[in-house]
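So the structure is just underneath, and the comments pick up after that.
Number of protein chains: 2
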Amino acid sequence: MNIGDVADMSGLPAKTIRYYEDIGLVEPLRSANGYRSFRQSDVHKLAFLGRARALGFTIEDCRSLLKLYADTDRASAEVKQIAEEHLDRIDRKIAELTEMRATLSHLVDACAGDHRPDCPILADLAMEEDKTRTARAAD
Amino acid sequence: MNIGDVADMSGLPAKTIRYYEDIGLVEPLRSANGYRSFRQSDVHKLAFLGRARALGFTIEDCRSLLKLYADTDRASAEVKQIAEEHLDRIDRKIAELTEMRATLSHLVDACAGDHRPDCPILADLAMEEDKTRTARAAD
DNA sequence: GTTGACCTTCCAGCGAATGGAACCCTTATC
DNA sequence: GATAAGGGTTCCATTCGCTGGAAGGTCAAC
Numbered sequence: 031m032n033i034g035d036v037a038d039m040s041g042l043p044a045k046t047i048r049y050y051e052d053i054g055l056v057e058p059l060r061s062a063n064g065y066r067s068f069r070q071s072d073v074h075k076l077a078f079l080g081r082a083r084a085l086g087f088t089i090e091d092c093r094s095l096l097k098l099y100a101d102t103d104r105a106s107a108e109v110k111q112i113a114e115e116h117l118d119r120i121d122r123k124i125a126e127l128t129e130m131r132a133t134l135s136h137l138v139d140a141c142a143g144d145h146r147p148d149c150p151i152l153a154d155l156a157m158e159e160d161k162t163r164t165a166r167a168a169d
Numbered sequence: 031m032n033i034g035d036v037a038d039m040s041g042l043p044a045k046t047i048r049y050y051e052d053i054g055l056v057e058p059l060r061s062a063n064g065y066r067s068f069r070q071s072d073v074h075k076l077a078f079l080g081r082a083r084a085l086g087f088t089i090e091d092c093r094s095l096l097k098l099y100a101d102t103d104r105a106s107a108e109v110k111q112i113a114e115e116h117l118d119r120i121d122r123k124i125a126e127l128t129e130m131r132a133t134l135s136h137l138v139d140a141c142a143g144d145h146r147p148d149c150p151i152l153a154d155l156a157m158e159e160d161k162t163r164t165a166r167a168a169d
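In order, the protein sequence lines correspond to chains A and B. Heads up, the first sequence is in our numbering, so the first residue is 31 and it goes up one at a time. Heads up, the second sequence is in our numbering, so the first residue is 31 and it goes up one at a time.
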C-alpha cells in the first residue's frame, strides 16, 4: 500500500506518517520506485498510534506502548503504569485549566464590555489597587 | 534596575524577560555598560505579562492586552472579547481533556496491572475484537 | 589580581507535527 | 511523443514559548 491509502485508512495525514517513520515508530518497506510500501501490520500500528495520540499519550509513551504490545510476555502492570502516569498528567492539566477558567470567567463577568474604558480584566492584570484586587484575594 | 532584580520582582526568569524584549513586549533602556536598565513601568508591564500568561493568554493576546491597557480610550468590549475567546479555548481544552480522562480511567480501571500480559488498555488501542471494544462503544 | 556573581549575545533544542519548495513516478489523454 | 493531473519523494523552515548552554564582558569585594 502507498502512503495515501494508509493515510485514508489510519486517519493520519501522510505528513505525520512520514514523520513517524523518521522517528522510528514505523518501518515501512520500499518499492522499487522508492515509494513507501506499507504492510497490513504497519497500518495496524499507525491506527494504534492514532488512538494512543488521541488519548493524549506522548510520542515516547506511544513508543513504549508499541513495544509492550509487541511483547507477548509483558506484564499488564507496565502498561497500566504508563496509563496511570498519563492520567495524572491529564488531571493536573485539567486542574490548572479549571483554575484559570474560574479566575477568568470571574473577570469576564465583572467586565461591562461596552464602549467605556473601565475594565476589571485589565485592572486585575495590572494589579491596580481597587475592588478587583479584593475580588482576586477572595478567590 | 538590572535584569536580576526585575526577575526577582516580577517572578519571571531573566531568560524570559530577555525573550520578551526580543519579541517586542518590553523595551528596557540600556546603561553605559550595555546592561538592560528597567524602569518601574517596565517592571509593571512584566508583572502584567506574568499574570496574563498565568491565565493562559497567548503572547499575541498579551500584546493586544498591553496595547489596550496603554490606550485609555479603549472600549472594555475589546478586552472582554479577547478574554471571552480565551475562555472558549479553555473550555474546549477542558472538554477535550475530560473526554480523554474518562476513556483512559475506564481502561485503567479495567486493567489488572499485574504480571500477566492481558491488558484491556493495549487491546483498546489495538482495537482488538473483544469486550474492550464494546466498552469503548458504550462511552 | 583574582574570585565570583552578575550581565551580554548567539545558537540549539524541546514536542509534535505542518507547510512549502523542488523534484520524481505513473497513468491517461490528445 | 507531449503533456497534464495526481500520486509520491526529500529537505528545510516554521509553529509556540520558552529554556539551556557556550563564550565572553563587567563589577564589587577581598
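We put the CB at the ideal spot given by N, CA and C, even for glycine. This one's a predicted model, so the numbers in the text were calculated from it and none came from an experiment.
C-beta atoms of residue i and residue j nearer than 8 Å
| i | j | result |
| --- | --- | --- |
| S67/A | D148/B | no |
| C116/A | D91/A | Note that residue 116/A is His in the sequence shown here, rather than Cys. For H116/A and D91/A, yes; Cβs fall inside 8 Å. |
| L96/A | L152/A | no |
| K110/B | G34/A | no |
| P150/A | L134/A | no |
| L76/B | V36/B | yes |
| E51/A | P43/A | no |
| I124/B | T128/A | yes |
Beta-carbon neighbours of residue i, restricted to chain A and to distances below 9 Å
| i | result |
| --- | --- |
| L78/B | The question names Leu, yet the displayed sequence has Phe at residue 78/B. Within 9 Å Cβ-Cβ: L152, L155, A156, M157. |
Minimum C-alpha distance to residue i - residue among the options
| i | options | result |
| --- | --- | --- |
| R119/A | D121/B, V109/B, M130/B, L117/B | M130/B |
| E126/B | V36/A, L85/A, E51/A | L85/A |
| G80/A | R69/A, T46/A, M31/A | T46/A |
| A28/A | E114/B, R83/B, D139/B, M31/B | What the structure shows of chain A is the stretch from 31 to 169, and residue 28/A is not part of that stretch, so it cannot be assessed. |
| G41/B | R83/B, L59/B, F87/B | R83/B |
| A62/A | R122/A, N32/A, D103/A, D101/A | N32/A |
| Y65/A | R48/A, I53/A, S71/A | R48/A |
| E158/A | R60/B, Q70/B, F78/B, R69/B | F78/B |
| E108/B | R93/A, R146/A, D121/A, R122/A | R146/A |
| I53/B | R93/B, R60/B, D103/B | R93/B |
| D121/A | R60/B, Q70/B, A132/B | A132/B |
Closer than 7 Å at the beta carbon, the chain B residues around residue i
| i | result |
| --- | --- |
| V109/A | C141, C149, I151, L152 |
| S106/A | C141, A142, G143, D144, R146, P147, D148, C149 |
Exposure of residue i, with buried meaning 16 or more beta-carbon neighbours within 10 Å
| i | result |
| --- | --- |
| A167/B | Below a pLDDT of 50, predicted positions are generally treated as unreliable, and A167/B, at 43, falls in that range; the measurement from the model is reported next regardless. A167/B is exposed by the Cβ-count criterion. |
| L155/A | buried |
| D38/A | exposed |
| S101/B | A small correction: the amino acid at residue 101/B is Asp; Ser does not occupy that position in the sequence shown. Its Cβ having fewer than 16 others within 10 Å, D101/B is exposed. |
| D72/A | buried |
The ligand FAD heavy atom lying under 7 Å from the CB of residue i
| i | result |
| --- | --- |
| A125/A | Ligands are entirely absent from the displayed structure, and the ligand FAD is therefore not among its contents. |
Neighbour list for residue i in chain A, Cβ cutoff strictly below 8 Å
| i | result |
| --- | --- |
| D103/B | P147 |
**Study point:** Members of the region 114-145 of chain A that neighbour chain B once the beta carbon cut-off is set at 8 Å
**Key:** Against chain B - using a Cβ distance shorter than 8 Å - the residues of the region 114-145 of chain A are E114, H116, L117, I120, D121, K123, I124, L127, T128, M130, R131, T133, L134, S135, L137, V138, C141, A142, G143, D144, H145.
Check your understanding: Taking any Cβ of chain B, which residues in the region 81-99 of chain A have a Cβ under 7 Å from it, in chain order?
Key -> R81, A82, L85, G86, L95, L98, Y99
Review point. Name the residues in the region 37-50 of chain A whose C-beta lies less than 8 Å from a C-beta of chain B; which are they?
Key: none
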